[in-house]
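Peer 1: This is the structure I want to talk about, given as structure tokens.
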Amino acid sequence: MPLIAHGYVFGYQELQRLAQHLDADSPRACVNSVESDVESDGYSEESTNGGPRNFADVLCRAQFAYSDWVARTQRKRKTKAPRLVPITYSAKEEAEYVRRVDQEGPLTPWPQRYMLVTHVSRLLPTGRVSETACVESERAKKVLSGFLALVVLDAPEVLSAKDFNFTHVLRKRLMYGGDLSVPIVQ
Numbered sequence: 000m001p002l003i004a005h006g007y008v009f010g011y012q013e014l015q016r017l018a019q020h021l022d023a024d025s026p027r028a029c030v031n032s033v034e035s036d037v038e039s040d041g042y043s044e045e046s047t048n049g050g051p052r053n054f055a056d057v058l059c060r061a062q063f064a065y066s067d068w069v070a071r072t073q074r075k076r077k078t079k080a081p082r083l084v085p086i087t088y089s090a091k092e093e094a095e096y097v098r099r100v101d102q103e104g105p106l107t108p109w110p111q112r113y114m115l116v117t118h119v120s121r122l123l124p125t126g127r128v129s130e131t132a133c134v135e136s137e138r139a140k141k142v143l144s145g146f147l148a149l150v151v152l153d154a155p156e157v158l159s160a161k162d163f164n165f166t167h168v169l170r171k172r173l174m175y176g177g178d179l180s181v182p183i184v185q
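According to numbering that gives the first Met the number 0, the sequence shown is numbered sequentially starting from 0.
Here's what the structure looks like:
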């Protein structure tokens, strides 16, 4: 039976706000606002100086900023920092993204989402997800509040519990590996 990961999901815009907050003083992780850098040709002013050329570049910068913060936090506090797991997008989302890039240009936002995994469950023999596993438990809320307390304790306007949606996805849709991975909590 396939495993189902349950947890809180948020999108790229929230990751970018979080990365800007975490690494505002870091010279290594410069995350710029896409809208302020775009010229009429769809490329940024910085594109010849190593700046973002398309949305994938901006996404990589935001992911790097968060990963860099996680590494620094783990060294400084000697604790395991929370990890976010990217979720692969569906074929429908990919087709929609390609269509939007053709219409709007290379800086079209990517439909990437990230999950803060709280627990996993197995599918029932009927192929359905257990109703008890789908409920947002107090333990799951505690994981989210712990994440927010560690990451944005002093700046609740950057990210709050309202920015997250509790949901479940097939474990095979989670992209493990790299700096944004986390082992599933059982």
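From the three backbone atoms N, C-alpha and C, an ideal C-beta is built for every residue, glycine too.
Note that the structure is predicted; figures quoted are calculated from it, not measured.
1. Using the DSSP secondary-structure output, state which residues sit across from G126 in a beta bridge.
2. Excluding the 5 residues preceding and the 5 following Q12 in the sequence, name in chain order all residues of the same chain whose CB lies nearer than 8 Å to its CB.
3. Can you find a C-beta in chain B that's less than 8 Å from the C-beta of E103?
4. Is the stretch 150 to 159 in contact with the stretch 116 to 127, if contact means three or more CB pairs nearer than 8 Å?
5. From the DSSP output, which residues share a beta bridge with H20?
6. Alpha carbon to alpha carbon, how far is Y96 from A90? Give it in angstroms, no decimals.
7. Could you give the residue range of the beta strand (DSSP E) that holds G10?
8. Pick out whichever of L173, D67, P1 and L2 has its Cα sitting closest to the Cα of Y88.
9. Going straight from the alpha carbon of A64 to that of Q19, what length do you get?
10. Which whole runs of the beta strand (DSSP E) in the stretch 75 to 120 are 3 residues long or more, in chain order?
11. If you count every other CB in all the chains shown that lies within 10 Å of the CB of G6, and 16 or more means buried, which is it?
12. What is the rounded straight-line gap between the Cα of P124 and the Cα of Y113?
Peer 2: In this structure, then:
1. According to DSSP, G126 bridges with nothing at all.
2. Excluding positions up to five away in sequence, the list reads P108.
3. Looking at the structure shown, chain B is missing, and only one protein chain is on hand.
4. no
5. Its beta-bridge partners do not exist; DSSP assigns none.
6. So the two alpha carbons sit approximately 10 Å from each other.
7. L2 to G10
8. L173
9. 8 Å
10. For secondary structure counted as the beta strand (DSSP E) over 3 or more consecutive residues, the stretch 75 to 120 holds these complete runs in sequence order: 84 to 86.
11. So G6 ends up on the buried side.
12. The C-alpha of Y113 is placed about 28 Å away from the C-alpha of P124.
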